[in-house]
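Chemist: Got a structure here, written out as structure tokens. Questions coming.
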Amino acid sequence: MDSVPILITSALVLTLLVLGGIALVLRRHRAQRPYSTVLDETVRMDDIWEQWMEMELPDSLHRLRAEARQTLDSHQRDAIRQDLLDFERETLDGRYPLTRLRQEMMASVDRRIINIEILRLEPRDKARLRKQQSDIVQTDSHAREYILANELRLAVLREYAARRYGDRAENDWLEVYEKAAQFKQRTTRSRLMRGLESDVESAQDARQQAIDVVDRQLQMRLLQVPPGTSFRRDQRPATGESPRGTGSTEI
Numbered sequence: 001m002d003s004v005p006i007l008i009t010s011a012l013v014l015t016l017l018v019l020g021g022i023a024l025v026l027r028r029h030r031a032q033r034p035y036s037t038v039l040d041e042t043v044r045m046d047d048i049w050e051q052w053m054e055m056e057l058p059d060s061l062h063r064l065r066a067e068a069r070q071t072l073d074s075h076q077r078d079a080i081r082q083d084l085l086d087f088e089r090e091t092l093d094g095r096y097p098l099t100r101l102r103q104e105m106m107a108s109v110d111r112r113i114i115n116i117e118i119l120r121l122e123p124r125d126k127a128r129l130r131k132q133q134s135d136i137v138q139t140d141s142h143a144r145e146y147i148l149a150n151e152l153r154l155a156v157l158r159e160y161a162a163r164r165y166g167d168r169a170e171n172d173w174l175e176v177y178e179k180a181a182q183f184k185q186r187t188t189r190s191r192l193m194r195g196l197e198s199d200v201e202s203a204q205d206a207r208q209q210a211i212d213v214v215d216r217q218l219q220m221r222l223l224q225v226p227p228g229t230s231f232r233r234d235q236r237p238a239t240g241e242s243p244r245g246t247g248s249t250e251i
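Each residue of the sequence shown is one higher than the one before, counting from 1 in the UniProt record's numbering.
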């Protein structure tokens, strides 16, 4: 457990640096927030679902689609499709649909992290956790199906946001969140294990609360980033350089 404070501190520092970089782009676009401009109002979730299941895809998404077809039966896939249609209807009825879309995609990343880490627990610890928390998927096979369905749903949401709102770019807000989440993932198992113990160390609990606060701040900042913004991989947040590049805004 000695490594836990180091992991949490590292994740905290990284997230603070990311927040610094995001703040730069928000200052340049302060008058435009929040973003609700529709790039193509003819785009509909049902069409995106049908097209995504047949269109040419990058290798990673092609593998995801093939695995979904092989592992999830037609009833499960239909349920995912219907859930996406219901989500679209609820989202379009709201004031800021793009904000709601981003929140749901970030929630999907968080669900990925927690469920993968549960699968990685020792069998004894996994059984104890599932006994204590009935809302957790109760078997490994169902958990793997849940993770796969979550990834399929996220991929279709991503395509929908890109086509309807122009909300996709290389190294954009979602990629930034996924990278920050990788550091958070390193502390998730420790958090799960502490949940099984009656004596939680106050110092570790305080550090975890601190990173939770920063994580919420990161989410709020990313919700305000303009669609099409690309974060330069070599950018140092404190430099304050002006955006450069053509197709998208960079910081």
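C-beta atoms are modelled at their ideal positions from N, C-alpha and C, and glycine is treated no differently.
What three-state label does DSSP hand SER230 in the structure shown?
Modeler: Taking the first residue of the sequence shown as position 1, residue 230 is located at position 230. Here SER230 sits in strand by DSSP.
Chemist: What's the C-alpha gap between ARG232 and LYS179?
Modeler: Reading the sequence shown from its first residue, position 232 is the one you call residue 232. Reading the sequence shown from its first residue, position 179 is the one you call residue 179. C-alpha separation (whole angstroms): 14 Å.
Chemist: Which ranges does the alpha helix (DSSP H) cover as unbroken runs of at least 4 residues, wholly within the region 54 to 96, from first to last along the chain?
Modeler: Those alpha helix (DSSP H) runs which fall completely within the region 54 to 96 and span 4+ residues are 59 to 71, 74 to 92.
Chemist: Taking the alpha carbon of SER108 as the point to measure from, which residue in LEU154, VAL213, TYR96 has its own alpha carbon closest?
Modeler: As a position in the sequence shown, residue 108 is number 108, starting the count at 1. Looking at the Cα atoms, LEU154 is the closest of the given residues.
Chemist: My output table needs one value for GLY166: the three-state DSSP class, helix, strand or coil.
Modeler: Here residue 166 refers to the residue found at position 166 when the sequence shown is read from its first residue. Coil at GLY166, not helix or strand.
Chemist: Count the other CB atoms, across all protein chains shown, that sit within 10 Å of the CB of VAL38; report buried if there are 16 or more and exposed otherwise.
Modeler: One-based indexing of the sequence shown puts residue 38 at position 38. Exposed, since its Cβ has fewer than 16 Cβ neighbours within 10 Å.
Chemist: Could you check how far apart the C-beta atoms of LEU129 and LEU192 are, in whole angstroms? I think they sit under 8 Å.
Modeler: On the sequence shown, residue 129 is found 129 positions in, with the first residue counted as 1. On the sequence shown, residue 192 is found 192 positions in, with the first residue counted as 1. Confirmed, Cβ separation roughly 6 Å.
Chemist: Just to confirm my understanding: we take GLU170, look at its own chain, exclude 5 residues before and 5 after, and list those with CB closer than 7 Å. What are they?
Modeler: Numbered from its first residue, the sequence shown carries residue 170 at position 170. Around GLU170: SER230.
Chemist: Counting along the chain, where does the alpha helix (DSSP H) carrying GLN182 start and finish?
Modeler: The residue you call residue 182 lines up with position 182 of the sequence shown. Start and end: 173 to 196.
Chemist: For GLN51, which three-state DSSP category applies?
Modeler: Position 51 of the sequence shown, counted from the start, is the residue given in the question as residue 51. In this structure, GLN51 counts as helix in the three-state DSSP scheme.
Chemist: Just the C-alpha distance for ASP73 and ARG144, rounded to the nearest angstrom, thanks.
Modeler: The count along the sequence shown starts at 1 and reaches residue 73 at position 73. The count along the sequence shown starts at 1 and reaches residue 144 at position 144. Near 14 Å, if we compare the C-alpha coordinates of ARG144 and ASP73.
Chemist: When the Cα of ALA181 is compared with those of ASP135, LEU218, LEU152, which residue comes out closest?
Modeler: Looking up residue 181 in the sequence shown gives position 181. The candidate whose alpha carbon is nearest that of ALA181 is LEU218.
Chemist: For VAL156, is the classification buried or exposed, using 16 other Cβ atoms within 10 angstroms of its Cβ as the cut-off for buried?
Modeler: Here residue 156 refers to the residue found at position 156 when the sequence shown is read from its first residue. So VAL156 ends up on the buried side.
Chemist: Where does THR139 sit, in a helix, a strand or coil, going by DSSP?
Modeler: Here residue 139 is taken as the residue at index 139 of the sequence shown, counted from 1. THR139: coil per DSSP, three-state reduction.
Chemist: Candidates ASP140, LEU223, PRO58, GLN82: which alpha carbon is nearest ASP46's?
Modeler: Against the sequence shown, residue 46 aligns to sequence position 46. The candidate whose alpha carbon is nearest that of ASP46 is GLN82.
Chemist: Just verifying my parser: in three-state terms, what is the DSSP assignment at SER108?
Modeler: Against the sequence shown, residue 108 aligns to sequence position 108. The answer is helix: DSSP assigns SER108 an H, G or I state.
Chemist: Can you give me the start and stop residues for the alpha helix (DSSP H) that ASP125 sits inside?
Modeler: Indexing the sequence shown from 1 puts residue 125 at position 125. Counting along the chain, the alpha helix (DSSP H) containing ASP125 begins and ends at 123 to 132.
Chemist: Could you tell me how far apart the beta carbons of residue 297 and ILE147 are, in whole angstroms, since I believe they sit closer than 8 Å?
Modeler: As displayed, the chain neither begins before 1 nor continues past 251, which places residue 297 out of reach and without an answer.
Chemist: Nearest to ARG122 by CA position, among LEU196, GLN103, ARG207, is which residue?
Modeler: Along the sequence shown, one-based indexing puts residue 122 at 122. First, the residue type needs correcting, since residue 122 is Glu and not Arg in the sequence shown. Here the closest residue by C-alpha is LEU196.
Chemist: Using a beta-carbon distance below 8 Å, is ASP78 in contact with chain C?
Modeler: Within the model displayed, chain C is absent; a lone protein chain is all it includes.
Chemist: Rounded to whole angstroms, what is the Cα-Cα separation between VAL25 and SER134?
Modeler: Within the sequence shown, residue 25 is the residue found at index 25, counting from 1. Within the sequence shown, residue 134 is the residue found at index 134, counting from 1. Only weak support exists for where VAL25 lies, its pLDDT of 47 falling under 50; the coordinates are left without a value.
Chemist: Report the CB separation of TRP49 from LEU84 in whole angstroms; it is logged as a contact under 8 Å.
Modeler: For the purposes of this step, residue 49 is taken as the residue at position 49 of the sequence shown. For the purposes of this step, residue 84 is taken as the residue at position 84 of the sequence shown. With 8 Å as the limit, TRP49 and LEU84 qualify as a contact, their Cβ atoms being about 6 Å apart.
Chemist: In whole angstroms, give me the CA-to-CA distance for ARG189 and GLU41.
Modeler: In the sequence shown, residue 189 corresponds to position 189, counting from 1. In the sequence shown, residue 41 corresponds to position 41, counting from 1. In a straight line, the C-alpha of ARG189 is about 42 Å away from that of GLU41.
Chemist: Is the CB-CB distance between LYS131 and ILE118 below 8 Å?
Modeler: To locate residue 131, count along the sequence shown from 1; it is residue 131. To locate residue 118, count along the sequence shown from 1; it is residue 118. No; because the gap between Cβ atoms is not below 8 Å, this pair is not in contact.
Chemist: According to the neighbour-count rule (16 or more other Cβ atoms, all chains shown, within 10 Å of its Cβ), is ARG221 buried or exposed?
Modeler: Taking the sequence shown and counting its residues from 1, the one referred to as residue 221 is at position 221. Flag for ARG221 reads buried.
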